[in-house]
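Asker: Start counting the sequence shown at 1; every next residue gets the next number (the numbering used here). Glycine included, C-beta positions come from ideal geometry on N, C-alpha and C.
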Amino acid sequence: MNIKEKNYYFGYDEFKKNIPIDIADIENVLTLQDRHDLNHNWSFLRMNHDYIELIDQYYARLGKGFSVFFVMLLPFLVVLFFLIFILLNPFQEESVFLYWTVVGANFSLLVIIIVFCFYPIYKYDKGKPICRPIIFNRNTQKVYFYINEHEYLEKHWLDVTYALGTSQGLGGMPIYELRAHIIEDGILKDTFLIGFPKIGNGASLGLWSFICHYMQHGMQELKPHPHPMYGTIDPLKQLTFCQRMLGSKESIQDTWRSFRCVYFNNPLPSYFAFPFDLCNLIARRIFLTIKPLPVWHSDVVKANEMDKIREEEITYRDNYEFKEFEIKDK
């Protein structure tokens, strides 16, 4: 019998802790042989020859409620425009009741929107970090999970149970997520959402392929390699990534490019998902201004030499698909 390991609350997955569980109870457990080629992902914070730092999916969930607020704000603005129009144009005394009725309805609509969108954020996000980063170190073969500024988990990266899961997306399409389950002596201790393997296509586990290639083979496996005879690059046979984070600010240019890459082959879902994704981006930018990215424990910083200046880093410029769109723009 499968054990429910999470509860769902309006875009928020709350994973249970300290419950008995068996690996057989977890669907879609991944192994090192589960490799796929195509990778669209914007989970990367930092990447170099020693380690990759990923931002967990909690960061994106944080913007869900706020993104709905922007979308639902549109009918409110329409009614507000109608009220302004009435004020600027004379109306008869018999229209006063209608006017105040519309004012009351508009005010009630605004209150409902605010409560509906911000109460989940207040309930589930208050006092929590904006995200919980994960570090994969290929030199030590260790993975580090951020809990808070004073706590972290350190494991051999193969001692963690990785699984592909799905969550409900606001755009009407499922969100495929890479989960890391910490299981000790048959007890599920914690669950981390590493990031999005790919939007709209669960068969493509690019993020998992990326991590496996990075931890086993290193950097050269991650850069596009032209065909030895034709000099061309097949984007369906390359491991790429789409977006980076710049300090505590998300790069709008990279995000826009990643939207184009993701929706280029998914035109129909984009009509429903893009408004929410765009509003989600605005919401995340606001949250990043209010709450900075978390700071790792000093032991983790020292173990991964995070203060070390590294000259060579993989950036979005190594992404073939970005270059392809840049050429089209020219």
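#1: Measuring straight from C-alpha to C-alpha, what distance separates Y176 and L278?
#2: Go ahead and pull the three-state DSSP assignment for F276.
#3: Who are the near neighbours of V295 in its chain, counting only those whose CB is closer than 8 Å to its CB and skipping five residues on each side?
#4: How should M47 be labelled, buried or exposed, when 16 other C-beta atoms within 10 angstroms of its C-beta is the threshold for buried?
#5: How would you call N89, buried or exposed, if buried means at least 16 neighbouring beta carbons within 10 angstroms?
#6: Could you name the residues of the same chain whose beta carbon sits closer than 8 Å to that of L246, not counting the 5 residues immediately before and after it, in chain order?
#7: Taking the alpha helix (DSSP H) that A303 falls in, what are its first and last residues?
#8: Tell me, please, whether the segment 13–28 touches the segment 180–198 by the rule of three or more beta-carbon pairs shorter than 8 Å.
#9: Which residue comes first and which comes last in the alpha helix (DSSP H) that contains L32?
#10: Going by DSSP, which residues form a beta bridge with D190?
#11: Per DSSP, what are the beta-bridge partners of K155 in this structure?
#12: For P292, count the other beta carbons within 10 Å of its own beta carbon; 16 or more makes it buried, fewer makes it exposed. Which is it?
#13: Can you check which of these residues, V111, F116, Y214, is closest to W157 by C-alpha distance?
#14: Mind checking I55: buried by the 16 CB within 10 Å criterion, or exposed?
#15: From I282 to D159, what distance separates their C-alpha atoms?
#16: For A163 versus R179, is the C-beta distance shorter than 8 Å?
#17: By a C-beta neighbour count over all protein chains shown, 10 Å radius and 16 as the cutoff for buried, is I327 buried or exposed?
#18: Measure the alpha-carbon distance for F15 versus M229 and round it to whole angstroms.
#19: Among the candidates D125, L30, I114, whose CA atom is the shortest distance from the CA of L73?
#20: Taking all protein chains shown into account, do 16 or more other C-beta atoms lie within 10 angstroms of the C-beta of V68, making it buried, or fewer, making it exposed?
#21: Run through DSSP, which three-state label would P20 get?
Answerer: In short:
#1: Counted from its first residue, the sequence shown places residue 176 at position 176. Counted from its first residue, the sequence shown places residue 278 at position 278. Straight-line Cα distance between these residues: approximately 19 Å.
#2: Within the sequence shown, numbered from 1, the residue matching residue 276 stands at position 276. Of the three classes helix, strand and coil, the one that applies to F276 here is helix, per DSSP.
#3: Start at 1 with the first residue of the sequence shown, and residue 295 comes out as number 295. Only E149 meet the Cβ criterion.
#4: For the purposes of this step, residue 47 is taken as residue 47 along the sequence shown, with counting starting at 1. Looking at its Cβ environment, which holds 16 or more other Cβ atoms inside 10 Å, M47 is buried.
#5: For the purposes of this step, residue 89 is taken as the residue at position 89 of the sequence shown. Result: exposed.
#6: Reading the sequence shown from its first residue, position 246 is the one you call residue 246. Low confidence applies here, because L246 scores a pLDDT of 48, under 50, leaving its location unreliable and the question unanswered by this model.
#7: In the sequence shown, counting from the first residue as 1, residue 303 sits at position 303. A303 -> alpha helix (DSSP H) spans 298–303.
#8: yes
#9: On the sequence shown, position 32 is the one that residue 32 refers to. Per DSSP, L32 belongs to no alpha helix (DSSP H) and is neither H nor E.
#10: Reading the sequence shown from its first residue, position 190 is the one you call residue 190. In DSSP, D190 forms a bridge with I182.
#11: The count along the sequence shown starts at 1 and reaches residue 155 at position 155. Bridge partners of K155: V143.
#12: As a working mapping, residue 292 is identified with position 292 in the sequence shown. Result: exposed.
#13: Within the sequence shown, numbered from 1, the residue matching residue 157 stands at position 157. Taking only the C-alpha atoms, the option nearest W157 is Y214.
#14: As a first step, residue 55 is located in the sequence shown; it is residue number 55 there, counting from the start. Flag for I55 reads buried.
#15: Mapped onto the sequence shown, residue 282 falls at position 282. Mapped onto the sequence shown, residue 159 falls at position 159. The straight-line gap from Cα to Cα measures roughly 37 Å.
#16: Position 163 of the sequence shown, counting from 1, holds the residue named residue 163. Position 179 of the sequence shown, counting from 1, holds the residue named residue 179. Yes, the Cβ-Cβ distance between A163 and R179 is below 8 Å.
#17: Position 327 of the sequence shown, counted from the start, is the residue given in the question as residue 327. Summary for I327: the model assigns pLDDT 43, below 50, so the residue's position carries little reliability, and this model does not support an answer.
#18: Counted from its first residue, the sequence shown places residue 15 at position 15. Counted from its first residue, the sequence shown places residue 229 at position 229. Rounded to whole angstroms, F15 to M229 spans 50 Å at the Cα level.
#19: To locate residue 73, count along the sequence shown from 1; it is residue 73. Nearest C-alpha to L73: I114.
#20: Residue 68 sits at position 68 when you count from the first residue of the sequence shown. The residue is buried, with at least 16 neighbouring Cβ atoms inside 10 Å.
#21: Mapped onto the sequence shown, residue 20 falls at position 20. Here P20 sits in strand by DSSP.
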